[in-house]
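Data block below; observations after.
Numbering (my numbering), first residue to last: -4 to 281.
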């Protein structure tokens, strides 16, 4: 592999094609079964080696650098390996905060993967995923870079191949408090686990959707609007974003053109393999 001092990588979004809550552990964490679908849309990060210090330039006015998962991921990797090298990071944010698209988790995962390469640490994907779990339950799926069935608290991952599909994602510009959703007394917590192989044919509901829509009427309005045009419309994760699936781009674009201006929206193709891993593999081959 050619030694590099700068690296630009994507941080892809994810959708939860379904999210079932199957129980609750004694420590209060919820047990989940969910299907993670990676997308060809997300944030962008640029990394440049520098001596010792970790610095971040970002386009987020309401999140300090010290609180950003990107900085926390870099510091965790630095401290856990004893690495003395530093990095300047530039984060270009496209994914909304609290949207359920995994933006912060994906940013952290891309940071772990990028710095493992730039700092020439040689950690395995398993080691990086274990570190990522310390930052959040969704980080490991981005570190591993595969669309997957997630169980446990979302960290037990089984790669799956999801048929090609286009997704229209609507973002109602609302930040949903995940803790508030999981603490709500009306949240469903006893869904029966789906068995494999009929995974994709089973009920693909989101157990958090009813509570989120009750607490945030604008999200309910957006889901109702999208549902009138495509009956697959549903919530992703515990966030504010809604999505619907389409067999082809033309049909998806037709609905995108009708989305009211008060909501932002984008189209994306589903991916089974992360573009981050593909880019790093190209660097290894150079």
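Ideal Cβ positions, reconstructed from N, Cα and C, are used throughout, including at glycine.
Test item: CB-CB of residue i and residue j under 9 Å
| i | j | result |
| --- | --- | --- |
| residue 107 | residue 123 | yes |
| residue 218 | residue 253 | no |
| residue 153 | residue 19 | no |
| residue 164 | residue 231 | yes |
| residue 144 | residue 28 | yes |
| residue 42 | residue 10 | no |
| residue 173 | residue 93 | yes |
| residue 233 | residue 169 | no |
| residue 300 | residue 161 | For the chain, the structure presents residues -4 to 281; residue 300 sits outside this window and is missing. |
| residue 140 | residue 271 | yes |
| residue 206 | residue 182 | yes |
| residue 44 | residue 113 | yes |
Where residue i falls: helix, strand or coil (DSSP)
| i | result |
| --- | --- |
| residue 47 | coil |
| residue 161 | strand |
| residue 223 | coil |
| residue 179 | coil |
| residue 199 | coil |
| residue 21 | coil |
| residue 28 | strand |
| residue 41 | strand |
| residue 277 | helix |
DSSP beta-bridge partners of residue i
| i | result |
| --- | --- |
| residue 53 | 86 |
| residue 268 | 141 |
| residue 9 | 33 |
| residue 260 | 165 |
| residue 216 | Answer is none; residue 216 lacks a bridge partner. |
Sequence-distant residues of its chain with Cβ nearer than 6 Å to residue i (five each side left out)
| i | result |
| --- | --- |
| residue 48 | 81 |
| residue 146 | 28 |
Residues of its chain near residue i, where Cβ-Cβ distance is below 7 Å and the 5 sequence neighbours each way are ignored
| i | result |
| --- | --- |
| residue 193 | Bear in mind that the predicted position of residue 193 carries a pLDDT of just 49, short of 50, making it unreliable; the figure below should be weighed with that in mind. Once the five neighbours on either side are set aside, residue 193 has no close Cβ partner at all. |
Margin query: So within the stretch 103 to 156, which uninterrupted beta strand (DSSP E) runs reach at least 3 residues, ignoring any that extend past its ends?
Written below: As far as the stretch 103 to 156 is concerned, its whole beta strand (DSSP E) runs of at least 3 residues are 143 to 147, 151 to 154.
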